[in-house]
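First residue of the first sequence? That's 64 in this note's numbering, and the numbers climb one at a time after it. From the three backbone atoms N, C-alpha and C, an ideal C-beta is built for every residue, glycine too. All remarks here apply to the structure that follows.
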Amino acid sequence: MTTGSGPAARDWVLHVDLDQFIAAVELLRHPELRGRPVVVGGSGDPTRPRTVAATATYEARAYGVHSGMPLRTALRRCPHAVFLPSDPPAYEAASARVMAVLRGFPVRVEVWGWDEAFVGATTGDPEALAADLRQAVLDATELSCSVGIGDNKHQAKLASAFAKPAGIHRLTGAEWAEVMHDRPTDALWGIGARTARKLAGLGLHTVGRLAAADPAELARHFGPTNGPWLRYLAEGRGETEVTTTPWVPRGHGRETTFPEDLTDARDISACVAALAEQVARDAAADGRTAVRVTVKVRFAPFLTRTRQSKLPGPTADPATLTRAALAVLDRFDLTRPVRLLGVSVEYAPPADAAYTLTTLE
DNA sequence: TCTGGGGTCCTAGGACCC
DNA sequence: TCTGGGGTCCTAGGACCC
Numbered sequence: 064m065t066t067g068s069g070p071a072a073r074d075w076v077l078h079v080d081l082d083q084f085i086a087a088v089e090l091l092r093h094p095e096l097r098g099r100p101v102v103v104g105g106s107g108d109p110t111r112p113r114t115v116a117a118t119a120t121y122e123a124r125a126y127g128v129h130s131g132m133p134l135r136t137a138l139r140r141c142p143h144a145v146f147l148p149s150d151p152p153a154y155e156a157a158s159a160r161v162m163a164v165l166r167g168f169p170v171r172v173e174v175w176g177w178d179e180a181f182v183g184a185t186t187g188d189p190e191a192l193a194a195d196l197r198q199a200v201l202d203a204t205e206l207s208c209s210v211g212i213g214d215n216k217h218q219a220k221l222a223s224a225f226a227k228p229a230g231i232h233r234l235t236g237a238e239w240a241e242v243m244h245d246r247p248t249d250a251l252w253g254i255g256a257r258t259a260r261k262l263a264g265l266g267l268h269t270v271g272r273l274a275a276a277d278p279a280e281l282a283r284h285f286g287p288t289n290g291p292w293l294r295y296l297a298e299g300r301g302e303t304e305v306t307t308t309p310w311v312p313r314g315h316g317r318e319t320t321f322p323e324d325l326t327d328a329r330d331i332s333a334c335v336a337a338l339a340e341q342v343a344r345d346a347a348a349d350g351r352t353a354v355r356v357t358v359k360v361r362f363a364p365f366l367t368r369t370r371q372s373k374l375p376g377p378t379a380d381p382a383t384l385t386r387a388a389l390a391v392l393d394r395f396d397l398t399r400p401v402r403l404l405g406v407s408v409e410y411a412p413p414a415d416a417a418y419t420l421t422t423l424e
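Structure, rendered in structure tokens:
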């Protein structure tokens, strides 16, 4: 830990991002695979259509394999790769061990998915803290991580990407313009390909240009909340509060893509019923009730449609949810082949609801 | 490269009411 | 009476992220 003289202590946001998390966990369980091309995804069968890679090791990437790629394509590109099934409970367990290590420090830890956490800390030397966090995670779990340091979550998140792999990087308001202004807008956390293309159409190709754009103009094109938010991101601003309050899920769902299209209406109904029952069991296990049910149908080749309905009252009863889901399914025109079915619910807020509200500062 | 599964939040339009 | 405007709820879809 750091004490004594030096820069005055102040608040920092750190972003801890595990390096190649899923692959790293798998290599710990299968040390003999170290150095070999490994692809993780689906049930691990690379001949099954319509499954994609969750991750690929650097050795597999050398063959052009990457996450999101269909396993059948990965197999074609790298026939000698080892294909492993995805094992979410194992990743969950590894993640929990990492978060426990972080919580051992005098900091606030906000878990942000399996392989990420924001850390709020008051210190005069954030690099020293970051190095301590990195080393403690490595010692306790054998997992490597990168740490970004910023004034807010947005900066810290981008900084950890600059730090990869196994590094530490600081990106604050002092460095923002120099580092970010010439980059494309989709370098920002929250701007993807679609929005970047739309911004480019307005002549806003870079972060610097977006940071100087007219908020009213942005609001006209992107909506009253999203428009000004885009400029806010480009200015390097972001949420500064790191909260240890556990996240309360807003909803939950299950969906399945079939290796071959479904055409029989009875098969489709049976699948929706099974998904609805599973979602009901999940909700009950979470101690939550549903207030709205949504059915998702993806038709061949790739046309996705949803229908939803508000339930008469909150429930986690499997029979009630199944009836509701099947009634919603009835509103689809099911004459085309179906490649995916999904059922999801919106949860009722728990009685002691403490939803985190986020506002622009 | 024929394209997973699990989420979150925002927007827009129509219904309905006063 | 042929027609205003605001507020809220509901629904479908889009965009983004891990």
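I need the boundaries of the alpha helix (DSSP H) containing residue i, first residue and last residue.
i: ARG294; result: 289–297
i: HIS217; result: 216–226
i: ALA259; result: 256–264
i: THR186; result: Looking at the DSSP string, THR186 is not in any alpha helix (DSSP H); the run it does join, the beta strand (DSSP E), is 179–186.
i: LEU165; result: 151–166
i: GLY104; result: Premise fails: GLY104 is in no alpha helix (DSSP H) and is neither H nor E.
i: ARG92; result: 84–92
i: ARG197; result: 189–204
i: GLY236; result: 236–243
In whole angstroms, what is the alpha-carbon distance linking residue i and residue j?
i: ARG329; j: ASP393; result: 12 Å
i: THR269; j: ALA390; result: 48 Å
i: VAL408; j: ILE331; result: 19 Å
i: PRO189; j: LEU234; result: 12 Å
i: VAL301; j: LYS227; result: Residue identity differs from the one stated: residue 301 is Gly in this sequence, not Val. Looking at the two C-alpha atoms, the distance is approximately 21 Å.
i: LEU423; j: TRP292; result: For LEU423, the predicted model reports a pLDDT of 49, less than 50, meaning its position is unreliable and no value from the coordinates is stated.
i: LEU81; j: ASP396; result: 45 Å
i: VAL164; j: TRP310; result: 19 Å
i: VAL128; j: ALA194; result: 32 Å
i: ARG386; j: SER372; result: 12 Å
i: ASP434; j: VAL172; result: The first residue shown for the chain is 64 and the last is 424, placing residue 434 beyond what the model contains.
i: PRO375; j: MET132; result: 42 Å
i: GLU280; j: ARG160; result: 47 Å
i: ALA411; j: PRO381; result: 16 Å
i: ASP74; j: THR398; result: 59 Å
i: ALA250; j: PRO152; result: 32 Å
i: GLY264; j: HIS217; result: 25 Å
i: THR421; j: TYR126; result: Caution is warranted here: a pLDDT of 48 is assigned to THR421, below 50, making its placement in the model unreliable, and the coordinate value is therefore given only provisionally. Going from the Cα of THR421 to the Cα of TYR126 covers about 42 Å.
i: ALA116; j: GLY69; result: 47 Å
i: PRO247; j: PHE225; result: 15 Å
i: PRO312; j: GLY350; result: 11 Å
From the DSSP output, in three-state form, read off residue i for me.
i: ALA363; result: coil
i: GLY271; result: helix
i: THR422; result: Because the pLDDT of THR422 is 48, which lies under 50, any placement of that residue in the model is unreliable, and the question is left without a value.
i: HIS284; result: helix
i: PHE395; result: coil
i: PRO169; result: coil
i: CYS334; result: helix
i: VAL311; result: coil
i: LEU134; result: helix
i: ARG99; result: coil
i: THR357; result: strand
i: VAL305; result: coil
i: ALA119; result: strand
i: THR352; result: coil
i: THR385; result: helix
i: ARG246; result: coil
i: ARG139; result: helix
i: PRO278; result: helix
i: ARG111; result: coil
With respect to the beta strand (DSSP E) encompassing residue i, which residues constitute its N-terminal and C-terminal limits?
i: PHE321; result: 314–325
i: VAL128; result: Note, VAL128: premise wrong, no beta strand (DSSP E); not H, not E.
i: LEU403; result: 401–410
i: ASP80; result: 73–81
i: LEU147; result: 145–147
i: GLY176; result: Here GLY176 belongs to no beta strand (DSSP E), and DSSP marks it neither H nor E.
i: GLY213; result: 208–213
Considering only the beta carbon of each residue, do residue i and residue j sit closer than 8 Å?
i: LEU384; j: VAL335; result: no
i: VAL79; j: ASN215; result: no
i: GLY183; j: VAL305; result: yes
i: LEU338; j: VAL406; result: yes
i: ALA348; j: THR186; result: no
i: LEU357; j: THR369; result: It is worth fixing the name first, because residue 357 is Thr in this sequence and not Leu. Yes, these two residues count as a Cβ contact at 8 Å.
i: LEU96; j: THR114; result: no
i: LEU91; j: GLU179; result: no
i: ALA219; j: PHE181; result: yes
i: ALA274; j: ARG294; result: yes
i: PRO112; j: PRO322; result: yes
i: ALA346; j: ALA297; result: no
i: THR120; j: SER130; result: no
i: TRP177; j: LEU221; result: no
Touching by the beta-carbon criterion (3+ pairs, under 8 Å), the stretch 194–206 and the stretch 282–297: no
At least 3 beta-carbon pairs within less than 8 Å: the stretch 96–110 vs the stretch 142–150: yes
Is the stretch 205–221 touching the stretch 233–248 in the sense that three or more CB pairs, one from each, lie closer than 8 Å? yes
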